[in-house]
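Visitor: Residue numbers (the numbering used here): 3 to 371.
Could you have a look at this structure, given as structure tokens, before my questions?
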């Protein structure tokens, strides 16, 4: 649902995908801090104003993070890690209101970022940006009335997927890159409408897309190389939603979200999707980002109901909560990526007074800081 401090449920805007807008920082300003909790500053000295929503890395020296910056006039935000420091990078999505919700990295010369732009929230257009090793350039995106793109994944220079919704008509939206052009691909939409938020691809014949329906149920679609089909998905509570998905093989995939106000993790074992039961998932909050570097190394991130960052780790046997900094009055993690057991990034936002700043945390194999 991504309706915490950094994200606003698009249902508020008569649509259903997650957005990042300045007004949502009001939730963060009101979130109570835990008594006696020290406000430790993040060890990564990079904190531009705004929100970082997603992060992806091809190696320990090449990572990209995307989001938004600004308040009354919101602009897209792209930052790059070169192995030594994060730097904000110029990008061409300069509409009055514009967000980037997701990023995928293939190599040092090939990356994708997706989101939307709008003159006002009632008239939106999908945004697709491409990194060619020198600059970010806006690509032609298949038109969709009031369209939003919230997730992107790529396996090669000739195979990439982006997902979202058409907003105005409450239809799921899936577009595909074949190496030459982006084209819209037919996608199942639940009877009452639905939105896709996350996508993961393993090959040209195996991909997953996740989200939620408009009547509060999880939504999972699978690509078999020919068509997208809806598959049964767990709904542990009357109100359940999935945010992101990751996969390491045809028999191992994870998706995260929330169910009944509690963090939700579901797992694909090659046959069915099943909800994960763990003591680490008993508290109130939500998970909005997930990544898996291997079958024994996965991370999930989000927030607690008290406005603190939330990080869980999969060690091949169980999901366990891992200590994470929560600087500012309130903090939330939204995106996560990992390249090895000793290198992972998590991004989001935190509040200092009434000023929202991007939050970047790094895992060094021992601690997040």
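For every residue, glycine included, the Cβ atom is placed at its ideal position computed from N, Cα and C.
Please read these numbers as outputs of a predicted model, since none were measured by experiment.
Taking DSSP's pairing of strands, which residues face residue 109 in a bridge?
Guide: DSSP output for residue 109 lists 112 as bridge partner(s).
Visitor: Locate the beta strand (DSSP E) running through residue 287, then write down its first and last residues.
Guide: Looking at the DSSP string, the run of the beta strand (DSSP E) that includes residue 287 is 287–296.
Visitor: Tell me, to the nearest whole angstrom, how far the beta carbon of residue 235 is from that of residue 262; I am working on the premise that it is less than 8 Å.
Guide: 15 Å between Cβ atoms; not a contact.
Visitor: Would you call the CB atoms of residue 318 and residue 298 closer than 8 Å?
Guide: In contact: residue 318 and residue 298 (Cβ atoms closer than 8 Å).
Visitor: Rounding to the nearest angstrom, what Cα-Cα distance links residue 280 and residue 256 in this structure?
Guide: Each residue's Cα considered, the two are about 14 Å apart.
Visitor: Opposite residue 223 in the DSSP bridges: which residues?
Guide: Its beta-bridge partners are 211 and 232.
Visitor: Can you give me the C-alpha to C-alpha distance between residue 344 and residue 338, rounded to a whole angstrom?
Guide: The straight-line gap from Cα to Cα measures roughly 14 Å.
Visitor: What do you reckon, are the CB atoms on residue 114 and residue 156 nearer than 8 Å?
Guide: Yes, the Cβ-Cβ distance between residue 114 and residue 156 is below 8 Å.
Visitor: In chain order, what residues of the same chain have a beta carbon less than 8 Å from the beta carbon of residue 324, not counting five sequence neighbours either side?
Guide: Cβ within range, chain order: 313, 314, 315 and 370.
Visitor: Give the DSSP-derived three-state secondary structure of residue 300 in the structure shown.
Guide: DSSP places residue 300 in strand when its eight states are reduced to three.
Visitor: Just verifying my parser: in three-state terms, what is the DSSP assignment at residue 281?
Guide: Of the three classes helix, strand and coil, the one that applies to residue 281 here is helix, per DSSP.
Visitor: Could you spell out the range, first to last residue, of the beta strand (DSSP E) harbouring residue 150?
Guide: 150–158 is the span of the beta strand (DSSP E), which, as asked, contains residue 150.
Visitor: Below 6 Å CB to CB, which residues in the same chain sit around residue 238 once its five sequence neighbours on both sides are set aside?
Guide: For residue 238, where only same-chain residues beyond five positions count, the Cβ hits under 6 Å are 261 and 277.
Visitor: Flag this pair as yes or no: are the beta carbons of residue 80 and residue 52 separated by less than 8 Å?
Guide: Not a contact, by the Cβ cut-off of 8 Å.
Visitor: Is any heavy atom of the ligand SAM found at a distance shorter than 7 Å from the C-beta of residue 356?
Guide: You won't find the ligand SAM in this model; it holds no ligand whatsoever.
Visitor: Since residue 131 and residue 360 are thought to touch, with beta carbons under 8 Å apart, how far apart are those beta carbons, to the nearest angstrom?
Guide: Their Cβ separation, rounded to whole angstroms, is 18 Å, which puts residue 131 and residue 360 out of contact at 8 Å.
Visitor: According to DSSP, is residue 64 part of a helix, a strand, or is it coil?
Guide: Three-state DSSP puts residue 64 in a strand.
Visitor: Given that a residue counts as buried once 16 or more other Cβ atoms are within 10 Å of its Cβ, and exposed if not, what is residue 327?
Guide: Burial call: buried.
Visitor: DSSP three-state call for residue 74: helix, strand or coil?
Guide: Residue state, collapsed to three classes: coil.
Visitor: When DSSP builds the beta bridges, which residues end up paired with residue 127?
Guide: Answer is 119, bridged to residue 127.
Visitor: So who's on the other strand from residue 245, going by DSSP bridges?
Guide: Answer is none; residue 245 lacks a bridge partner.
Visitor: Where do the N-terminal and C-terminal ends of the beta strand (DSSP E) with residue 379 fall, by residue?
Guide: This structure cannot settle anything about residue 379, because the visible part of the chain is limited to 3 through 371.
Visitor: Report, in whole angstroms, the separation of the C-beta atoms of residue 350 and residue 333, which I expect to be a contact under 8 Å.
Guide: The Cβ separation is near 7 Å, so the contact holds.
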